[in-house]
Amino acid sequence: AQTIHQWPVAEIKAVGSPLSLGCTIKGKSSPNLYWYWQATGGTLQQLFYSITVGQVESVVQLNLSASRPKDDQFILSTEKLLLSHSGFYLCAWSPDGGEQYFGPGTRLTVL
Amino acid sequence: GDSVTQKQGQVTLSEDDFLFINCTYSTTTYPTLFWYVQYPGQGPQLLLKVTTANNKGISRGFEATYDKGTTSFHLQKASVQESDSAVYFCALVEANTNKVVFGTGTRLQVLP
Numbered sequence: 001a002q003t004i005h006q007w008p009v010a011e012i013k014a015v016g017s018p019l020s021l022g023c024t025i026k027g028k029s030s031p032n033l034y035w036y037w038q039a040t041g042g043t044l045q046q047l048f049y050s051i052t053v054g055q056v057e058s059v060v061q062l063n064l065s066a067s068r069p070k071d072d073q074f075i076l077s078t079e080k081l082l083l084s085h086s087g088f089y090l091c092a093w094s095p096d097g098g099e100q101y102f103g104p105g106t107r108l109t110v111l
Numbered sequence: 112g113d114s115v116t117q118k119q120g121q122v123t124l125s126e127d128d129f130l131f132i133n134c135t136y137s138t139t140t141y142p143t144l145f146w147y148v149q150y151p152g153q154g155p156q157l158l159l160k161v162t163t164a165n166n167k168g169i170s171r172g173f174e175a176t177y178d179k180g181t182t183s184f185h186l187q188k189a190s191v192q193e194s195d196s197a198v199y200f201c202a203l204v205e206a207n208t209n210k211v212v213f214g215t216g217t218r219l220q221v222l223p
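In C-alpha cells, the structure reads:
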C-alpha cells in the first residue's frame, strides 16, 4: 500500500524568514506529485505538479518554488515568507494525473 | 481555463435525510470529475470519480451522477449519518494537463 508523509506537521514562522516543506511517497514508483494551498475554510489551490524527477511545473505564482530531487520526494520552499503564505499545505500523488491521494498536510502560520 | 462552481456553501440536515450537492463546470476538453471529502484537520480523501464515459460513480453509500447537457455533476446520498459531517469538494481534471480545479466546498452538518 502507498503511504504519503508530510513534514513538518506544523510551523510558526516570521515574515521574511525562509521555509521548506517536505513530502515523501512510499510504495509507488514514478508517481505524479502535487502541492496545494488551502486557506482556513477555503478551497484547494493547486500550486505545482511534477510528473518526473527534476521536472516541476508551476500552476500559480505565489512567491513559492518547488523541487523534486528524488522520485519519491517533493519539496516546497521560499526564501522570504509573506503573511499571505499562512494556511494549510497539502501534498498529493496520483498514479496517472487523475485521482489525487492527499497527505495529512502542514499547517503554516506566518506572524 | 477550466472552472468549477459549487454554490452550496453550507448544508444542514438531520440524520436519515437525503443529501444532494451540485457542481457545474466549464471546460473545452473532456474532463474527469471527482468528489472529495475533507474532515477537520485532515487532507481531502477521494470519494468518487465520475468519467464522462460512465456517467455515474458509487462509493460508501454516495452516488455521483453527471449530466453532459447541463455540464453539471451531483453528489447524493439517500440517508446521511452524523459521521458524514465534513466538507465536500467537487473537482475537475483538465484532460492531458495535470491541472486540477477544485470547487469552493460544501460544508455538510448532520444533526443527530
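So the protein lines, in turn, are chains A and B.
Residue numbers for the first sequence follow our numbering, so the first one is 1 and each next one is one higher.
Residue numbers for the second sequence follow our numbering, so the first one is 112 and each next one is one higher.
Even glycine gets a Cβ: it sits at the ideal position worked out from N, Cα and C.
Once DSSP output is grouped into helix, strand and coil, what is the label at residue i?
i      : result
A:L83  : helix
A:S65  : strand
A:S17  : coil
B:V204 : strand
A:A10  : strand
B:Q149 : strand
B:K210 : coil
A:F88  : strand
B:T140 : coil
Verify whether the separation of the beta carbon atoms of residue i and residue j is less than 9 Å.
i      : j      : result
B:T143 : B:K160 : yes
A:F74  : A:S58  : no
B:G152 : A:G41  : no
B:A108 : B:F184 : Residue 108 of chain B is absent from the structure shown; chain B starts at 112 and stops at 223.
B:G154 : A:T43  : no
A:Q100 : B:V211 : yes
Quick check on this structure: which residue in the options has the alpha carbon closest to the alpha carbon of residue i?
i      : options                        : result
B:T217 : B:G112, B:E126, B:S114, B:L130 : B:L130
A:G27  : A:Q2, A:W37, A:L19, A:W35      : A:Q2
B:I169 : B:Y150, B:A189, B:G154, B:P155 : B:A189
A:D71  : A:C23, A:L64, A:K80            : A:C23
Among residues of its own chain, excluding the 5 on either side of residue i, which ones have a beta-carbon nearer than 7 Å to its beta-carbon?
i     : result
A:A39 : G87
A:L83 : V15, V110
A:V56 : F48, S50, A66, S67, R68
Going by DSSP, name the residue or residues bridged to residue i.
i      : result
A:N32  : A:S94
B:A175 : B:G168, B:L186
B:Q220 : B:T123
B:S196 : Paired residue(s): none; B:S196 is not in a bridge.
A:I113 : In the structure displayed, chain A extends from 1 to 111; residue 113 of chain A sits before or after that span and is not available.
A:Q45  : A:W37
B:T135 : B:T116, B:S183
B:Q156 : B:V148
A:Q73  : A:T24, A:K70
A:E57  : A:Y49
A:F102 : A:A92
The ligand FMN and residue i: does any heavy atom of the ligand fall closer than 8 Å to the residue's C-beta?
i     : result
A:T78 : Ligands in the displayed structure: none, and consequently the ligand FMN is not present.
Tell me which residues share the same chain as residue i and place their Cβ nearer than 6 Å to its Cβ, disregarding the 5 neighbours each side in the sequence.
i      : result
B:V148 : Q156, L158, A197, Y199
B:Q121 : R218
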